[in-house]
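S.K.: Residue numbers for the sequence shown follow the working numbering, so the first one is 80 and each next one is one higher.
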Amino acid sequence: MVRKVVVTCAVNGGGDAKANPAIPITPKEIAASAVEAARAGAAVAHIHARDPQSGAASMDFAHYREAVNLVRQSGVDVILNLTTGPGGTFYPADPDPTRPATGTTLTTTDKRIGHVEELKPELCSLSMGSNNKGDPIYVNPERHIRDSLRRFRAAGVKPEFEVFDTGHIMYTRDLIERGLIDQPAVIQICLGLTWSAPATPETLMCMKNLLPANSVWFAFGKGSMMFPMVALTVVLGGHIRVGLEDTPWIAEGKLAPSNTALVEKAVAVMSALDAEPASPAEARRILGLPANR
């Protein structure tokens, strides 16, 4: 029996725009890439905003607004998942680590999630803890997470919980037990990022086994581990994420020509494992989203 797997396309991220010229930058490019990925089999489009001039990560509500409106006006059904990750990076200054150095983006919860409250996508990401990323620290305090959860619930937006290590899963479980997270929880296992859980079969198995009961889970592997993690995640019963946010490559030494190409390759891997992409309507049922969005 063919299993339905929800495919998320992480369209553009906030990393180095020079990693691949196919990374969409402007709101029009981001929207077009999300729509094309949806036509190729992605039920969910995970979107970051970028500055149209520099290509750098942006938190400008206007950029989110334009991209979201263009997707919604396209007539293509796709579940929008807006990031809330930007605004959490802290570079300690030298010699005074209490002061922010160049590159720090750390800001308020208002600025990190305000675009979600305004635009009300069906999903939004929420990082479930802090971690080192080399010299910078990615800061997600418990108060920020709790406040975000309360405000997402009020806005009618379902969070997708990004977990980068085992402790993040344990914190998610604690919040479920305290009634702060509605069931089924949607959890994204993020593997292979700098000094986070590595993208290995052993790590994925460990983190999967820690997941709260009845959760709906995704996983992805960064860089060259994208498609090995696609295959393993499907075999283990999870859902998948691919896209130019997570790798510039479609094969060793070959840049991906588009997000669509990455989605198409993932669908081919799934097909070999007797799985097929869930439609947006099927994905809403799987993820516990309202059917009439």
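We put the CB at the ideal spot given by N, CA and C, even for glycine.
1. Which class does residue 361 belong to by DSSP, given the choice of helix, strand or coil?
2. Does the stretch 169-184 come close enough to the stretch 205-220 that 3 or more CB-CB pairs lie under 8 Å?
3. If you drop the 5 nearest sequence neighbours on each side, which residues of the same chain put their C-beta closer than 7 Å to that of residue 211?
4. Could you say which of 323, 346 and 271 lies nearest to residue 97 if we only look at CA atoms?
5. Candidates 143, 295, 153 and 154: which alpha carbon is nearest residue 163's?
6. My guess is that residue 239 and residue 207 are in contact by the Cβ rule of under 8 Å, so how many angstroms apart are they, rounded?
7. Which residue comes first and which comes last in the beta strand (DSSP E) that contains residue 205?
8. Nearest to residue 340 by CA position, among 89, 287 and 313, is which residue?
9. For residue 345 and residue 112, what's the separation of their Cα atoms in angstroms?
10. Kindly provide the ranges of any beta strand (DSSP E) runs that are 3 or more residues long and lie completely inside the stretch 176-257, ordered along the chain.
11. Can you give me the C-alpha to C-alpha distance between residue 183 and residue 165, rounded to a whole angstrom?
12. Distance check for residue 129 and residue 146, CA to CA, integer angstroms please.
13. So for residue 355, helix, strand or coil by DSSP?
14. Starting from residue 311, trace the alpha helix (DSSP H) in both directions and tell me its first and last residue.
15. What are the boundary residues of the alpha helix (DSSP H) that residue 148 is part of?
16. For residue 141 and residue 370, what's the separation of their Cα atoms in angstroms?
17. For residue 136, which residues in the same chain have their Cβ closer than 7 Å to its Cβ, ignoring the five residues on either side in sequence?
18. Which runs of the alpha helix (DSSP H) at least 4 residues long sit entirely within the stretch 260-348? Give them in chain order.
19. Take the Cβ of residue 271 as the centre, count every other Cβ of all protein chains shown within 10 Å, and call the residue buried at 16 or more, exposed below.
M.R.: In terms of the structure at hand:
1. Residue state, collapsed to three classes: helix.
2. Contact between the stretch 205-220 and the stretch 169-184 is present, because at least three Cβ pairs lie under 8 Å.
3. 274
4. Comparing alpha carbon positions, the residue from 323, 346 and 271 closest to residue 97 is 323.
5. 143
6. Cβ atoms of residue 239 and residue 207 stay farther apart than 8 Å, at about 10 Å.
7. 202-206
8. Closest in alpha carbon position to residue 340, among 89, 287 and 313, is 89.
9. Their Cα atoms are separated by approximately 16 Å.
10. 202-206 and 237-242
11. The straight-line gap from Cα to Cα measures roughly 11 Å.
12. 10 Å
13. It is a strand residue.
14. Under the DSSP assignment, residue 311 falls in the alpha helix (DSSP H) whose first and last residues are 305-314.
15. 140-152
16. 28 Å
17. 93, 127, 129 and 165
18. 280-289 and 305-314
19. buried
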